[in-house]
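I have placed the structure first, in the form of structure tokens, so that the comments after it can refer back to it.
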Amino acid sequence: MAADIYDTPEHELFRQTVRKFVQEELAPRAREFDQMGRIDKRLYRKMGELGLLGLRYDPKWGGSGLDWSYTAVMFEEIAHCDNAGVAMGITVQTDMATPSLHQFGSDELRARYLMPAVKGEMVAAIAVTEPDAGSDVASIKTRAVRDGDDWVINGSKIYITNAATADWLCLLAVNDPEAGYGGFSQIVVPTDSPGFSYQLLDKIGNWGSDTGLLFFEDVRVPVTNTIGDIGRGFQQQMMQFQDERLIACISTSAGSKALWEETRRYCEERIVFKKPLSKMQVTQFKLVEMLTEITAARELTHHCIRKRIRNEDATMEISMAKLFCGRMARYVADECIQLHGGFGYMKESKAGRAFVDTRLISIGGGADEVMIHYMAKMLGF
Amino acid sequence: MKILATVKRVPDPETSIKVKPDGSGIVTDNVKWVINPFDEIAIEEALRIKEKVAGSEVVLVSIGGNAAPNDVKEQLRTGLAMGADGAILVVTDAALEPLVVARALAKLVETEKPDLVVMGKQAIDDDSNAAGQMLAELLGWPQATFASKVELSGDQKSATVIREVDGGLETLRFPLPGIVTADLRLNEPRYASLPGIMKARKKELKEIPIGDLEKAGLDVSGRTQLVKMEPPPKRQAGKLVESVDQLVELLHTEAKVI
């Protein structure tokens, strides 16, 4: 444990609180959330009461004004909720859909949408990706056309987490197609707006998350719902993406470690040819090699967290960590299935679920290839 | 009103306990320590009373070590984060029997002058279920043990407590100050919220060396001695029976229970 990041009694108490919440409220209902295809929305309120939904946000908006070390503690513990989809939904609420509003939103907008999100009274979603624009964000087509004091929005978004539970969206739309990177705006869109609808998507993993296709047909929202300046949406969204990637790294390294531990226990109990699986050298090699990768992923993640605690730019390191953690998690899930044999292939096995859940890490929040592309650019190639 | 709530540091009930080979105690390496679950219920009840009665104060009290590996401050901080106003730790590394604990608590009651002391009905480590009763006797205060419901009168001069007794419920009313010990169903303790954790940083956690209480007349000599600790016998493997008749037969001849 990298004690230097979170070594105070407050971090330890906070860890106990999150752990208790995960053990009592999330983990026992993990398969129920899979069946429902979403988390029980009422739990956001409970998370809000415990102070989990605004760790780094200004106390003025209900947050706790803390640093990344607390975010690290929270998502290391949430990773034990036995449902990657649920963890993803919470991440969207705390660190994907709300950071721009916190940083750039007007006081009125923050009072109306951010505070309720921090309290867990409202659920938020981030609506950026489109059928023809994923990691290539600048290619989005959804239009916001100004009509007096309103935006009139038309278009669609896809693979949107919290599609069914969301009360509002942080939407990225084109307001001026001629203005290039200066022609995008982030707009808060309440999901009860006329003209908005969604359709849920059937994914291979992350079953506990309501992922959907969103439709906007002449959806009207006030221009005052714009987050920050009109035309600055692209830049603000790029900043918002950074946090998401780092949390994916925290969740992934903690989740892989939990799966490794479960697999180790299984190998010590499973008898093959009259001795435990763990007594076979081939098993030992696999377990040791996996733990090496998991530890490396966690330490690289902690390196990024340290930089973020000091408020230093960590774009390069976070990109590396995202790339490394995604690949590590897929490798670990695959090997853990192998060690579990037939049982690993069952939907009820943690390894089997990790296999389909972790596949997303190398795609969402910027695909591996896009991470590499940008890192190459940063290196001056 | 002022309420004292007691806190004992005990091994997590989820921990698998191993007895030391020499039988002198349990192996404490790698044991996770928590607030005694019944004490957690007592703290919760104290906090609920505080929330109902304006101007109330909840002070946690504990007796034990103040440094790793036996640092009771960890558990007191949890209680402060739940919402208690302050905490007092009587510092000693000695293992204390219930009577000495009760005597030390009585000393604290003399100085703190609470209107109510809420305690867990017992600690889940040695299950003595004695300190609350002994404290009531030493103070000459009324007591209501195994409480499943606590209600204060409007003027806060008396308490009505429902106790879970064999085969039913018993309702007691007594004048304050008094002692209540909490049973499992009294309430469901809250989580320490993040704002609560941050507020707790500024709360006072007072440490009193046990010697100070001895100077004030505390007698720490015990009357009992731990002779030996041993694990329960390992459970035997079960047996599958063919029929109900055979089951009844075996219960009669082998298990000798019917």
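Protein chains in written order, with the working numbering: chain A, -15 to 365; chain B, 877 to 1134. Glycine residues also receive a C-beta, built at the ideal position from the N, C-alpha and C atoms. Model, not experiment: these values are computed from the prediction.
Item                                                                                                                             : Value
Delimiting residues of the beta strand (DSSP E) encompassing arginine 294 of chain A                                             : First-last for arginine 294 of chain A: undefined, no H or E at that position.
Test: proline 1071 of chain B CB closer than 9 Å to a CB of chain A                                                              : yes
Environment of methionine -15 of chain A [buried if 16+ CB atoms lie within 10 Å]                                                : For methionine -15 of chain A, the predicted model reports a pLDDT of 42, less than 50, meaning its position is unreliable and no value from the coordinates is stated.
CB contact flag (phenylalanine 914 of chain B, methionine 995 of chain B, <9 Å)                                                  : yes
Sufficient close CB pairs (3 or more, under 8 Å) joining the stretch 998 to 1010 of chain B to the stretch 951 to 968 of chain B : no
Chain-ordered neighbours of alanine 1068 of chain B on chain A, where CB pairs are closer than 9 Å                               : Leu(-3), Phe(-2), Gln0, Thr1, Lys4, Leu34
Sub-9 Å separation of isoleucine 142 of chain A and alanine 157 of chain A beta-carbons                                          : no
Coarse secondary structure for serine 235 of chain A, derived from DSSP in three states                                          : helix
Methionine 1010 of chain B to glycine 189 of chain A span [Cα, whole Å]                                                          : 58 Å
Where the alpha helix (DSSP H) containing glycine 73 of chain A begins and where it ends                                         : 68 to 75
Nearest candidate by alpha-carbon position, reference alanine 317 of chain A, set A:Ala238, A:Ala122, A:Glu9                     : A:Ala238
Separation of cysteine 320 of chain A from proline -7 of chain A, as counted between CA atoms                                    : 35 Å
Chain B contact for leucine 39 of chain A (CB, 9 Å cutoff)                                                                       : yes
Contact between the stretch 278 to 294 of chain A and the stretch 255 to 263 of chain A (3+ Cβ pairs under 8 Å)                  : no
Below-9 Å beta-carbon distance, isoleucine 893 of chain B vs any chain A residue                                                 : no
DSSP-derived helix/strand/coil call for glutamate 1064 of chain B                                                                : coil
Neighbour flag for methionine 877 of chain B against chain A, beta carbons, 9 Å                                                  : no
Closer than 9 Å to chain A by CB, alanine 857 of chain B                                                                         : Any property of residue 857 of chain B remains undetermined from this structure, which presents chain B solely from 877 to 1134.
Proximity test, Cβ basis, 9 Å: glutamate 1118 of chain B and chain A                                                             : no
Classification of histidine 324 of chain A by the beta-carbon crowding that lies within 10 angstroms, buried from 16 upward      : buried
Leucine 85 of chain A and alanine 147 of chain A closer than 9 Å at C-beta                                                       : no
Chain-ordered chain B contacts of serine 48 of chain A [CB-CB under 8 Å]                                                         : Leu1070, Pro1071, Met1074
Selection from A:Ala95, A:Gly326, A:Asp341 that minimises the alpha carbon distance to threonine 208 of chain A                  : A:Ala95
Inter-residue spacing [alpha-carbon to alpha-carbon] between glycine 348 of chain A and valine 340 of chain A                    : 13 Å
For valine 1037 of chain B and alanine 1023 of chain B, believed in contact at Cβ under 8 Å, the rounded distance                : 5 Å
9 Å Cβ cutoff, methionine -15 of chain A in contact with chain B                                                                 : Confidence at methionine -15 of chain A is low in this model, with a pLDDT of 42, below 50, so the placement of that residue should be treated as unreliable; the coordinate-derived value is given next. Chain B, which has no Cβ nearer than 9 Å to the Cβ of methionine -15 of chain A, makes this no.
Coil, strand or helix - alanine -14 of chain A by DSSP                                                                           : In this prediction, alanine -14 of chain A scores a pLDDT of 46, lower than 50, which makes its location untrustworthy; the coordinate-derived value is nonetheless stated afterwards. Alanine -14 of chain A falls in the coil class under three-state DSSP.
8 Å contact criterion, which proline 1065 of chain B and glutamate 920 of chain B should meet: CB distance rounded               : 4 Å
Beta-carbon neighbours of arginine 953 of chain B, restricted to chain A and to distances below 9 Å                              : Pro(-7), Glu(-6), Glu(-4), Leu(-3)
Whole runs of the beta strand (DSSP E) within the stretch 965 to 995 of chain B, excluding any shorter than 3 residues           : none
Any chain B beta carbon closer than 9 Å to tyrosine -10 of chain A                                                               : no
Supposed close pair leucine 936 of chain B, glutamate 1083 of chain B - CB separation, criterion 8 Å                             : Rounded, the Cβ-Cβ distance is 13 Å, inconsistent with contact.
As assigned by DSSP and simplified to three states, the class of asparagine 946 of chain B                                       : strand
Chain A contact for glutamate 950 of chain B (CB, 9 Å cutoff)                                                                    : yes
Pair within 9 Å by beta-carbon distance, glycine 192 of chain A and phenylalanine 17 of chain A                                  : yes
Where the beta strand (DSSP E) containing cysteine 154 of chain A begins and where it ends                                       : 152 to 158
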